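Participant:
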Amino acid sequence: MEALNHLDFLKDSLLKEHSRNDGRSFNDSRPIRITEKCFKDGQSSSLISLGKTIIATKIVATPQPIAPSFNVVINRSAVSLVSGKGAVDQTLSAFITVLVNKLLPMSELEIARPDPHNPFHSNIKIWGWNLKFYQTIISDDGGVEVASVLGIQNTLQTLELPNYNLDDEAKLVDAGTSHKINILSLYAKNFSILTDDCDPDNDDVNKIILVDPTSDEEKIAFGCCTAVYSNEEKPKLLVFNTTGKFAITEKRLDYISRVSTR
Numbered sequence: 389m390e391a392l393n394h395l396d397f398l399k400d401s402l403l404k405e406h407s408r409n410d411g412r413s414f415n416d417s418r419p420i421r422i423t424e425k426c427f428k429d430g431q432s433s434s435l436i437s438l439g440k441t442i443i444a445t446k447i448v449a450t451p452q453p454i455a456p457s458f459n460v461v462i463n464r465s466a467v468s469l470v471s472g473k474g475a476v477d478q479t480l481s482a483f484i485t486v487l488v489n490k491l492l493p494m495s496e497l498e499i500a501r502p503d504p505h506n507p508f509h510s511n512i513k514i515w516g517w518n519l520k521f522y523q524t525i526i527s528d529d530g531g532v533e534v535a536s537v538l539g540i541q542n543t544l545q546t547l548e549l550p551n552y553n554l555d556d557e558a559k560l561v562d563a564g565t566s567h568k569i570n571i572l573s574l575y576a577k578n579f580s581i582l583t584d585d586c587d588p589d590n591d592d593v594n595k596i597i598l599v600d601p602t603s604d605e606e607k608i609a610f611g612c613c614t615a616v617y618s619n620e621e622k623p624k625l626l627v628f629n630t631t632g633k634f635a636i637t638e639k640r641l642d643y644i645s646r647v648s649t650r
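Under our numbering, residues 389 to 650 are what the sequence shown spells out, in order.
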């Protein structure tokens, strides 16, 4: 009952007074803090804090005698009472997998292509990297999708992969140098909506859409969405994911685009 009263009070405050508990205006985001190289193992890592939402990200890179590939595994740190293990967030893992396919060209993960005319190289057509993305949601106060995107982007931007040469048998020999990879830079933002009405003529987006909602603000909303845009001169919408009832109008999409890419 206490939790219900708390959420009722929050909703009443948002709808009638247009006031958020943390003092932000409806179109303001929470501060973001990034700590790089925070884990000893793995080739790249980061810790992202979006308000009270915290996500740890690590990339493990392994050379393989096949085409480049990647895997995404996202866990919640809370221990499952049934299995005794952290729960895998399948929905967020699938969301990030789609996104990585858009921001990371697989050609960036090619290591070497053996000479097809060399008989010693005939068994191997290509060497590529396999990247394993491991994320742990340490705390969730809303906006985990955005924090996850920022974690993936940051660890890729700071990732340095070793350079290799091929010997006479098409085996890898460490060249003693490394390089960074080129990825598409992104904007990402979460939104929640306080109404299920959809009246284009009387739609005040500044009073019904919350930017970067907290967990409580997500709970009282009719729907939420995550928008990811490319960070270019003319940003492109890469991913748009909704939950609940979040009706989209031209005015709302324009607002989401402007807020996401500012």
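Every residue gets a Cβ at the ideal spot worked out from N, C-alpha and C, and that includes glycine.
Since this is a predicted model, take the numbers as computed values, not measurements.
Which residue from T583, P550 and I420 puts its Cα closest to that of D562?
Facilitator: Mapped onto the sequence shown, residue 562 falls at position 174. Looking at the Cα atoms, P550 is the closest of the given residues.
Participant: Does the beta-carbon of G439 have 16 or more other beta-carbons within 10 angstroms, so that it is buried, or is it exposed?
Facilitator: Stepping through the sequence shown from its first residue, residue 439 is reached at position 51. Buried, since its Cβ has 16 or more Cβ neighbours within 10 Å.
Participant: I need the DSSP call for L492, collapsed to helix, strand or coil.
Facilitator: Position 104 of the sequence shown, counted from the start, is the residue given in the question as residue 492. Coil at L492, not helix or strand.
Participant: Using the rule of at least 16 other Cβ atoms within 10 Å of the residue's Cβ for burial, across every protein chain shown, is G472 buried or exposed?
Facilitator: Here residue 472 corresponds to residue number 84 of the sequence shown, with the count starting at 1. Bear in mind that the predicted position of G472 carries a pLDDT of just 49, short of 50, making it unreliable; the figure below should be weighed with that in mind. Flag for G472 reads exposed.
Participant: Could you pull out every residue in the same chain whose Cβ sits closer than 6 angstroms to the Cβ of T614, ignoring the five residues on either side in sequence?
Facilitator: Locating residue 614 in the sequence shown gives position 226, where the first residue counts as 1. Counting only Cβ-Cβ distances below 6 angstroms, and skipping sequence neighbours, we find E533, N578 and N629.
Participant: Out of S457, G539 and L554, which has the shortest C-alpha to C-alpha gap to I422?
Facilitator: Taking the sequence shown and counting its residues from 1, the one referred to as residue 422 is at position 34. Minimum Cα distance to I422 is reached at G539.
Participant: Taking the CB atoms as reference points, tell me whether D618 and L574 lie closer together than 8 angstroms.
Facilitator: Your numbering for residue 618 matches position 230 in the sequence shown. Your numbering for residue 574 matches position 186 in the sequence shown. According to the sequence shown, residue 618 is Ser rather than Asp. Going by C-beta atoms, S618 is nearer than 8 angstroms to L574.
Participant: With DSSP as the reference, please indicate the residues paired to D562 in a beta bridge.
Facilitator: The residue labelled residue 562 in the question sits at position 174 within the sequence shown. According to DSSP, which records beta bridges pairwise, D562 is partnered with Y552.
Participant: According to DSSP, is A609 helix, strand or coil?
Facilitator: Taking the first residue of the sequence shown as position 1, residue 609 is located at position 221. Correct three-state label for A609: coil.
Participant: Alpha carbon to alpha carbon, how far is E606 from K633? Give it in angstroms, no decimals.
Facilitator: For this step, residue 633 is matched to residue 245 along the sequence shown. For this step, residue 606 is matched to residue 218 along the sequence shown. Using only the alpha carbons, I get a separation of about 12 angstroms.
Participant: Do N415 and V647 come within 8 angstroms of each other at the CB atom, strictly closer than that value?
Facilitator: To locate residue 647, count along the sequence shown from 1; it is residue 259. To locate residue 415, count along the sequence shown from 1; it is residue 27. Yes; because the gap between Cβ atoms is below 8 angstroms, this pair is in contact.
Participant: May I ask you to report which of helix, strand or coil DSSP gives T602?
Facilitator: What you label residue 602 is simply residue 214 of the sequence shown in a count that begins at 1. Note: T602 maps to coil in three-state DSSP.
Participant: Once the 5 residues before and after L492 are set aside, which same chain residues still bring their CB inside 6 angstroms of it?
Facilitator: Indexing the sequence shown from 1 puts residue 492 at position 104. I571, listed in sequence order.
Participant: Does DSSP put R640 in a helix, a strand or coil?
Facilitator: Within the sequence shown, the letter at position 252 stands for residue 640. Correct three-state label for R640: helix.
Participant: What number of angstroms, rounded off, separates the C-alpha of K639 from the C-alpha of G531?
Facilitator: The residue given as residue 639 occupies position 251 in the sequence shown. The residue given as residue 531 occupies position 143 in the sequence shown. So the alpha carbons of these two residues sit roughly 23 angstroms apart.
Participant: CB K490 to CB L626, shorter than 8 angstroms?
Facilitator: Residue 490 sits at position 102 when you count from the first residue of the sequence shown. Residue 626 sits at position 238 when you count from the first residue of the sequence shown. Contact flag set, yes.
Participant: Using C-beta distances below 6 angstroms, list every residue in its chain close to Y643, excluding the 5 sequence neighbours before and after it, in chain order.
Facilitator: Counting from 1 along the sequence shown, the entry for residue 643 is found at position 255. So the qualifying residues of the chain are V593.
Participant: Alpha carbon to alpha carbon, what distance is there between S437 and P419?
Facilitator: Sequence index remark: in the sequence shown, residue 419 carries index 31 (1-based). Sequence index remark: in the sequence shown, residue 437 carries index 49 (1-based). Each residue's Cα considered, the two are about 8 angstroms apart.
Participant: Report buried or exposed for A576, applying the criterion of at least 16 other Cβ atoms within 10 angstroms of its Cβ.
Facilitator: Your numbering for residue 576 matches position 188 in the sequence shown. Classification for A576: buried.
Participant: How is N619 classed by DSSP in three states: helix, strand or coil?
Facilitator: As a working mapping, residue 619 is identified with position 231 in the sequence shown. Coil at N619, not helix or strand.
Participant: For A558 and I512, what's the separation of their Cα atoms in angstroms?
Facilitator: As a working note, residue 558 is residue 170 in the sequence shown. As a working note, residue 512 is residue 124 in the sequence shown. If you take the alpha carbons of A558 and I512, they lie about 7 angstroms apart.
Participant: From S407, I462, S495 and W517, pick the residue whose C-alpha is nearest to that of I454; which is it?
Facilitator: In the sequence shown, counting from the first residue as 1, residue 454 sits at position 66. Out of S407, I462, S495 and W517, W517 has the C-alpha closest to the C-alpha of I454.
Participant: Taking the C-alpha atoms as reference points, what is the distance between V599 and S580?
Facilitator: Position 211 of the sequence shown holds residue 599. Position 192 of the sequence shown holds residue 580. Each residue's Cα considered, the two are about 7 angstroms apart.
Participant: Could you give the distance in angstroms between the alpha-carbon of D584 and the alpha-carbon of N409?
Facilitator: If you number the sequence shown from 1, residue 584 lands on position 196. If you number the sequence shown from 1, residue 409 lands on position 21. The straight-line gap from Cα to Cα measures roughly 22 angstroms.
Participant: Give me the residue from Q523, K520, S495 and N542 with the minimum Cα distance to I514.
Facilitator: Within the sequence shown, the letter at position 126 stands for residue 514. Among Q523, K520, S495 and N542, the Cα nearest to that of I514 is on S495.
Participant: Between I447 and G430, which are expected to be in contact by the criterion C-beta below 8 angstroms, what is the C-beta distance as a whole number of angstroms?
Facilitator: In the sequence shown, counting from the first residue as 1, residue 447 sits at position 59. In the sequence shown, counting from the first residue as 1, residue 430 sits at position 42. About 6 angstroms separates the two Cβ atoms, so the contact holds.
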